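Here's the structure we're looking at; comments come further down.
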Ligand SMILES: [Zn+2]
């Protein structure tokens, strides 16, 4: 699948993923309030979703991408303590030292994914959200540093986090057999050319190509799909909305549902 935005880096990619279209005014990684309506805030306004939507992200720019100025559901990002109405003992313990663990990347903008995972997983078990968004970051940082061994290690660790969350949902009465998990990225990294692997952006051919995996009761298990029509990141928010029973509407036209992901295979 591919990005429809022409920038091939994070904020425009996450915007496209979460709001369902490319917006040319969203073209930097600066901390600017996202003007577009994302899937989380759309769901937050649906009956039965109040206080049942949450986002956890390693990169602190997510406060602007998902927009904490306009929204009051839980959005927790960056290297700062997590404040919420209810906290588990583990979350309270993480809060006591997160600011003592400085990020090695971009000053203090990005926290270690272990914090994001633990805060989010605890939140899931405590609050039972109906829509939970989690954004990890370490693979991108290690790739930029061209530390391939650490990149592989952190990808493997991310796999473990994903497995832990999925296994928990399948062991919990409320979620078992009723939960869909989607995994994707905000951009690709292109192909390895002239030893240049590591970065992305419009100067890296192929960085617009990425992948998505999805598992859940409404999605047929048809394995890896190749040689299909190209799917765009702008279609994923609509697809998740559809799986929850909603026609996702934003402030601009959104991409259409990815048929094979929702069992509509002709
Ligand atoms: Zn990057």
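In the numbering used here, the protein residues as written are 31 to 296. Quick reminder that beta carbons are idealized off the backbone N, C-alpha and C, glycines included. This structure is a prediction, so every number in the text was calculated from the model and none was measured.
So, is residue i buried or exposed, given that buried needs 16 or more other C-beta atoms within 10 angstroms?
i	result
residue 233	exposed
residue 159	buried
residue 130	exposed
residue 141	buried
residue 45	buried
Check for me: the beta strand (DSSP E) holding residue i runs from which residue to which?
i	result
residue 113	Looking at the DSSP string, residue 113 is not in any beta strand (DSSP E), and its letter there is neither H nor E.
residue 106	104-107
residue 145	Not the beta strand (DSSP E): residue 145 falls in the alpha helix (DSSP H), residues 143-157.
residue 173	Looking at the DSSP string, residue 173 is not in any beta strand (DSSP E); the run it does join, the alpha helix (DSSP H), is 168-174.
Could you please give the first and the last residue of the uninterrupted alpha helix (DSSP H) stretch that includes residue i?
i	result
residue 14	An answer regarding residue 14 cannot be provided, because it is not within the stretch 31 to 296 covered by the chain.
residue 184	178-201
residue 267	266-273
residue 86	Premise fails: residue 86 lies in the beta strand (DSSP E), 83-87, not in any alpha helix (DSSP H).
residue 72	69-74
Taking 6 Å as the cut-off, is the beta-carbon of residue i closer than that to any non-hydrogen atom of ligand 3?
i	result
residue 143	As far as ligands go, the structure on display features ligand 1 and does not contain ligand 3.
Per DSSP, what kind of secondary structure is residue i in: helix, strand or coil?
i	result
residue 252	coil
residue 292	helix
residue 55	coil
residue 135	coil
residue 261	coil
residue 205	coil
residue 162	strand
residue 279	coil
residue 241	coil
residue 213	strand
residue 227	strand
Quiz item: Three or more C-beta pairs closer than 8 Å, one from the region 114-126 and one from the region 199-209: is that the case here?
Solution: no
Quiz item: Counting Cβ pairs, one atom from each stretch, are 3 or more of them under 8 Å apart for the region 185-202 and the region 105-122?
Solution: no
Practice problem: Determine, using beta-carbon pairs with one atom in the region 32-41 and one in the region 50-64, whether at least three such pairs fall under 8 Å. | Solution: yes
Quiz item: Does the region 80-95 come close enough to the region 287-295 to have 3 or more Cβ pairs within less than 8 Å?
Solution: no
Exercise. Please confirm if the region 268-283 is in contact with the region 213-230, defined as three or more CB-CB distances below 8 Å between the two stretches.
Key: no
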